[in-house]
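Encoded as structure tokens, the structure appears first; notes follow it.
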Amino acid sequence: MKRSLRSRSIAALSALFVLFSAAGVGEAMPVASQESASHFLHRWYDVYGRGSGAAVLAYGTLGGSAYYKRAYRMTTDTFRKRVSKQAFLVSHRTTAYTRLAFAIPAEISERRATFFVEEARDEELSSLPATVRYYGFIDVSKSASGTWAIDRMALSPDRSTISLRDGGHGSEGRGFDVAVVVLQKRLPQLTMTEIARGTRVLPQRGAHETDVLFRDARQSAVAVLAHLTSGAYHIVAVRDNEHFPR
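Count the sequence shown with my numbering and you get residues -14 to 231, in order.
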């Protein structure tokens, strides 16, 4: 009886070993279509964030380019037509680790989603190690087989870290002011004063998201803002209030 149980256990473990060997240790395995776009994005950063480029190998044992290659395989054909694998690796040549600070949904549908993200990259800059924060939009799309993939990355370094230290350039450090400007562009028939009079900041959704509502007798809209670690505010989306559940 004990031998039989032990034999079955060994057989089960052997089957698991074959399964993982076939997939490859550390490979980014496809996940069933029930996975949400947000979950996929975080899973992608779990792979992408461990990568390191050729220029930072002197700093010690790092993840290496294998993680970038795996992350690249988690992109769409459209992404790969725009960015070759070699170009992708070269663009991360001086990067050691990348950490996702936050991701705010801008638009989400059944097969496509756009997120505003902020990430922190450990980089080698002019022979000095530094942490640089990047922000911008990442698009993901779902294939016919039901798996998500990265479709576009449009990120820029945050240059407001120093400019906001002593008050910055004014409105970039005040979410209300940023929202009023954006809402006035959405509702050009109204003046800036009219927009400001009908605008209020809604209760905070999270540490990095601020929603600002404009409403008068005829119309309403919500500006969704991202609050970066530097203190700057950036617009994520503007939505009609009736399509903005809270």
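Quick reminder that beta carbons are idealized off the backbone N, C-alpha and C, glycines included.
Within the region 67 to 117, the complete beta strand (DSSP E) segments at least 3 residues long are 80 to 93, 97 to 110, listed from N- to C-terminus. Around the beta-carbon of residue 84, fewer than 16 other beta-carbon atoms lie within 10 Å, marking it exposed.
The region 158 to 228 contains, as complete alpha helix (DSSP H) runs of 4+ residues, the segments 160 to 171, 177 to 182 (chain order). Following the DSSP letters along the chain, one finds residue 136 inside the beta strand (DSSP E) bounded by residues 133 to 142.
With a cutoff of 8 Å on beta-carbon distance, residue 47 and residue 37 are scored as near each other.
For residue 61, DSSP records no beta bridge to any residue. When DSSP states are grouped into helix, strand and coil, residue 126 belongs to the strand group. Pairing residue 194 with residue 212, the inter-Cα distance amounts to about 6 Å.
Residue 44 is classed as exposed because its beta carbon has fewer than 16 other beta carbons within 10 Å across all chains shown. A residue is called buried once 16 or more other Cβ atoms fall within 10 Å of its Cβ, and residue 189, having fewer, is exposed.
Per the Cβ contact rule, the region 67 to 75 is not in contact with the region 110 to 123 (fewer than 3 Cβ pairs under 8 Å). In this chain, the alpha helix (DSSP H) harbouring residue 23 covers 22 to 33.
By the Cβ-count criterion, residue 201 is exposed, with fewer than 16 other Cβ atoms from all chains shown falling within 10 Å of its own Cβ.
One thing to note: residue 60 has its Cβ no nearer than 8 Å to the Cβ of residue 139. Residue environment for residue 192: exposed (fewer than 16 other C-beta atoms within 10 angstroms of its C-beta). Your pair residue 100 and residue 123 checks out as a contact, with CB atoms roughly 5 Å apart and the cut at 8 Å.
According to DSSP, residue pairing for residue 121 in a beta bridge involves 102, 140.
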